[in-house]
């Protein structure tokens, strides 16, 4: 009798584990967040983006073990998938670094020599080709005003006015 109960308990635990695993897989979603900051009196616009490390590694095909290779691959991927226009003009940005952990990766970059901002348009196609449900949330704090946009597959660009 005890063996039967123990066997049923093991089967029940296995079933619960399978159900939890299935539920987690079914409800998996993919997001990133980017914070854009520019204050009057400042001369640069700063960007910080946060991604799930595993998702970013899948997109660039390089692991975080080799920091130099990872940073090079991330910068190339970022420049192909993240485009910034200020006041209607495409601008270049300086990539600073990636700060990685097994769970999350933060990317830091900035647009130098910014003096006046009335509009910002961003094309953020990061991870949209890898994950159909990818959503990229972009939060702006510009000229002491806050705005937000979301980009996703089929709608990779957004524009805000200040």
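Residue numbers (mature numbering (1 follows the signal peptide of the UniProt record, and there is no 0)): -22 to -1, 1 to 140.
Where a beta carbon is used, it is the ideal one built from N, C-alpha and C, also for glycine.
The structure presented is a predicted model; accordingly, all values stated were derived computationally and were not measured.
In the DSSP assignment, residue 136 forms a beta bridge with 100. With contacts defined as CB atoms closer than 8 Å, residue 121 and residue 12 fail to qualify as a contacting pair. Taking C-alpha positions only, residue 77 is separated from residue 45 by approximately 9 Å. Straight-line measurement puts the Cα of residue 132 at about 30 Å from the Cα of residue 90. If you draw a straight line from the Cα of residue 56 to the Cα of residue 104, it comes to about 7 Å. Judged by beta-carbon spacing, residue 29 lies beyond the 8 Å limit of residue 14, meaning their Cβ atoms are not closer than that value. For the pair residue 115 and residue 98, the CB atoms are not nearer than the 8 Å cut-off. Rounded to whole angstroms, the separation of the alpha carbons of residue 52 and residue 124 is 28 Å. Cβ-Cβ separation between residue 71 and residue 43: approximately 26 Å, too far for a contact (criterion under 8 Å). 74 is the residue among 74, 134, 8 and 22 whose C-alpha sits nearest the C-alpha of residue 86. The beta carbon of residue 36 sits closer than 7 Å to those of 108, all from its chain and outside the five residues before and after it, given in chain order.
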